[in-house]
Each structure stands twice: as structure tokens, then as C-alpha cells.
Amino acid sequence: MIFFFFGHFPKKYIFPGVLIVESIAQSSGFLLMYSKKNTAFSNKICGLTGIYKTSFINPVYPGDQMIVESYFKKELSGIYVFSGIVMVKKKIVCRSTISLALL
Numbered sequence: 144m145i146f147f148f149f150g151h152f153p154k155k156y157i158f159p160g161v162l163i164v165e166s167i168a169q170s171s172g173f174l175l176m177y178s179k180k181n182t183a184f185s186n187k188i189c190g191l192t193g194i195y196k197t198s199f200i201n202p203v204y205p206g207d208q209m210i211v212e213s214y215f216k217k218e219l220s221g222i223y224v225f226s227g228i229v230m231v232k233k234k235i236v237c238r239s240t241i242s243l244a245l246l
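Here the sequence shown is numbered in the numbering used here, starting from 144 and rising by one per residue.
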């Protein structure tokens with residue numbers, strides 16, 4: 144079993160929430176970079192600028208398959224805002240709003 148399951152609660156292994164939010168951020172970054180791949184932004188990298196309105200509904204356990212969905216919401220002065228959800232067995236386990244910038 145992977146080491147990060149052991150640290151949260153003794154004998155109650157769960158996937159850390161910070162890594163769940165990271166999966167939303169990574170998916171959002173991929174979506175942003177993929178949508179900009181044929182433009183002047185192609186030589187940029189993506190940077191995380193904010194995490195907002197995050198809620199954890201259910202825990203994620205070892206062996207669960209997470210499905211991550213990310214949706215572009217808006218762009219404000221070079222900051223790109225995404226809404227993301229993570230599901231396990233068709234049930235939402237986490238929601239978060241992520242903002243990214245191209246650096």
C-alpha cells in the first residue's frame with residue numbers, strides 16, 4: 144500500500160484531501176494547456192493561483208478509482224478559473240474551484 148494512506152488516521156486509511164484537490168488542479172492545467180496549444184501561449188507553463196470553495200463529501204479509500212472532471216468557468220485578467228469535481232462510483236467525493244495562470 145502506498146505510504147500516504149498511513150498518515151491521516153490510524154488504521155483508517157484514506158486518500159489525502161490535498162492530493163484530491165491536486166488532481167483537480169492538474170486536470171484543469173491540462174485542459175488549459177491543451178486549449179492553448181496552438182497559440183502564443185504554447186511556450187508557457189501553468190501555475191496554481193488559488194483554491195476556493197473546496198468541500199469534501201465522502202472519503203476516498205485505497206482501491207477506489209477517482210474520476211476527475213474539470214470545467215472552464217471564466218478568465219479574469221490572465222487568471223483562468225475552473226470548477227472541478229471528483230467522483231468515486233458515480234458519487235461526488237470532492238468539489239473545488241481552482242484558478243490558474245500561464246507563466
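Ideal Cβ placement from N, Cα and C applies to all residues, glycine included. Note that this is a predicted model, so its numbers are computed, not measured.
Residue i in three-state terms, based on DSSP
i           : result
residue 194 : strand
residue 176 : helix
residue 160 : helix
residue 239 : strand
residue 220 : coil
residue 200 : coil
residue 228 : strand
residue 167 : helix
Neighbourhood of residue i by C-beta, 7 Å cutoff - its chain only, sequence neighbours within 5 removed
i           : result
residue 222 : 192, 242 and 244
residue 226 : 214, 216 and 240
residue 172 : 189 and 243
Counted within 10 angstroms of its Cβ, other Cβ atoms place residue i as buried (16 or more) or exposed
i           : result
residue 163 : buried
residue 178 : exposed
residue 152 : exposed
residue 203 : buried
residue 166 : buried
residue 161 : exposed
Residues near residue i in its chain [Cβ-Cβ closer than 8 Å; skip 5 each side]
i           : result
residue 246 : 187, 188, 189 and 190
Own chain, CB closer than 6 Å to residue i, minus 5 neighbours either side, in chain order
i           : result
residue 201 : 236
residue 224 : 216, 217 and 242
residue 168 : 191 and 241
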